[in-house]
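Accompanying notes for the structure given below.
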Amino acid sequence: MFFSVVVPTYNRLPILRQCLAALAAQDLSTAPGVEGYEVIVVDDGSTDETVAALLQVTDPHLRLLQQDHGGAAVARNCGVKAARGSVIVFIDSDLVVVKGFLAAHARALQRHWRRRGSRLCFTYGAVINTSNFAQPTAEPHKLTDLSWAYFATGNVAIDRQLLLRSGLFDPRFCQYGWEDLELGERLRQLGVVLVRCPEAIGYHWHPPFQLQQVPQLVRQEKERARMALVFYRKHPTLRVRMIIQFTWLHLLLWQVLTLGGLLNARTMGPLLAALVRRGRSGWAMELLRLHLNRICVQTIFAEARHQRRQAPQPS
């Protein structure tokens, strides 16, 4: 078994350095079936110093690929196509992994391959969210870190041939969100099962919430809504409707929880600012999510109406 770790990145050099340092320090001694690994960083048209910095790195595992800014789906496809490994590991460039990360994925995959007699599975590692840049791996596991997503590419390992058979990521997902879960739907249809691998831990760093981030977060939710409809048009099922919250129940839920929109970024601004000042930026972000979820669901319904009006009418 040879691993190809595919890491798409865009303007994240400071945390990418930590991500790559952790990958360079991998200990494979507890996974004797692993011959080695490579780390393929796909730069998605970064405008910071990412490329210049990576060209100075001497780690023999590292390979750098470059593309114009086209989004994570295209970047991951680029990495998979160039990969030399039989197993692909996807992580994000703001993930800092433990020393036994690859070995844990290897042991879980090999165990399941032997048990099932096929490679129709992928391993899903643990992701712990943190805003501690200096020591991301010091963050404890929290209830909010639990995820029930299927094939969330922040931390998964899968047979490369199985990925190619599935058709890889759809490049129509050119904005934020859903490209990994959409591929997951196709993998599910192939009979691929999720194998949890809690020992393959990655610490997902993101900066502490600040009020200045609100406009960016709102834009991101609107992008996520548009990509949600791409997801649903490909898989028009109740399951996908529930995943993307494209139901009247969800619309009503977020209307009620935000008091019909009275609780929004502007009206909650003083409370959010007070929480940030008191070092409770995580609480502030969770409170803001009420507003952001409402925006996302409302945008999905608005975009769906717009697309119906634009659709050709039968003659």
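Numbered according to UniProt numbering, the sequence shown terminates at residue 315, and the numbering increases by one at each position without gaps.
Don't be surprised by glycine CBs; every beta carbon is placed ideally from N, CA and C.
- Per DSSP, the continuous alpha helix (DSSP H) segment holding Val297 begins and ends at 281–310.
- Put simply, of Leu272, Ala284, Phe122, Gln135 the residue whose alpha carbon is nearest the alpha carbon of Leu190 is Phe122.
- When beta bridges are read from the DSSP output, Trp248 appears opposite no residue.
- Counted as a single uninterrupted DSSP element, the stretch harbouring Asn77 is not any beta strand (DSSP E) but the alpha helix (DSSP H) occupying residues 72–82.
- Using a Cβ distance threshold of 7 Å, Ala21 and Phe101 do not count as a contacting pair.
- At a Cβ-Cβ threshold of 7 Å, Ser281 and Pro208 count as neighbours.
- When the alpha-carbon of Asp44 is set against those of Gln161, Gln175, Ser86, Leu229, the nearest one is in Gln175.
- Per DSSP, the beta bridge partners of Phe2 are Gly36.
- Each residue's CA atom was taken as its position, placing Leu187 and Arg277 some 45 Å apart.
- Beta-carbon to beta-carbon, Ile15 and Ser93 are separated by about 7 Å, close enough to satisfy the 8 Å threshold.
- For Pro14, the secondary structure class from DSSP, reduced to helix, strand or coil, is helix.
- Shortest Cα-Cα distance from Thr9 to any of Leu65, Gly269, Arg107 involves Leu65.
- Relative to His69, the option among Ala152, Leu217, Asn11, Ala157 whose CA is nearest is Asn11.
- Counting only runs of 3 or more residues that sit fully inside the stretch 125–165, the beta strand (DSSP E) segments are 155–159, in chain order.
- Burial is judged here by how many other beta carbons sit within 10 angstroms of a residue's own beta carbon; Leu143 has fewer than 16 and is exposed.
- Counting C-beta atoms within 10 angstroms of its own C-beta, Met268 has 16 or more neighbours from the protein chains shown and is therefore classed as buried.
- Cα atoms of Asn132 and Arg84: separation of roughly 34 Å, rounded to the nearest angstrom.
- Note: Pro208 is not bridge-paired with any residue in the DSSP secondary-structure output.
- In this structure, DSSP gives Gly269 a helical state, which the three-state scheme calls helix.
- Burial is judged here by how many other beta carbons sit within 10 angstroms of a residue's own beta carbon; Lys81 has fewer than 16 and is exposed.
- Three or more Cβ pairs drawn from the stretch 213–226 and the stretch 286–304 lie within less than 8 Å of each other, which places the two stretches in contact.
- Just so you know, the alpha carbons of Glu185 and Val193 end up roughly 11 Å apart.
- Among the bridge pairs identified by DSSP, Pro8 is matched with Val42.
- Leu23 sits buried, since 16 or more C-beta atoms from the chains shown fall within 10 Å of its C-beta.
- Beyond the five residues adjoining it in sequence on each side, Arg17 comes within less than 8 Å, by CB distance, of Ala53 in the same chain, given in chain order.
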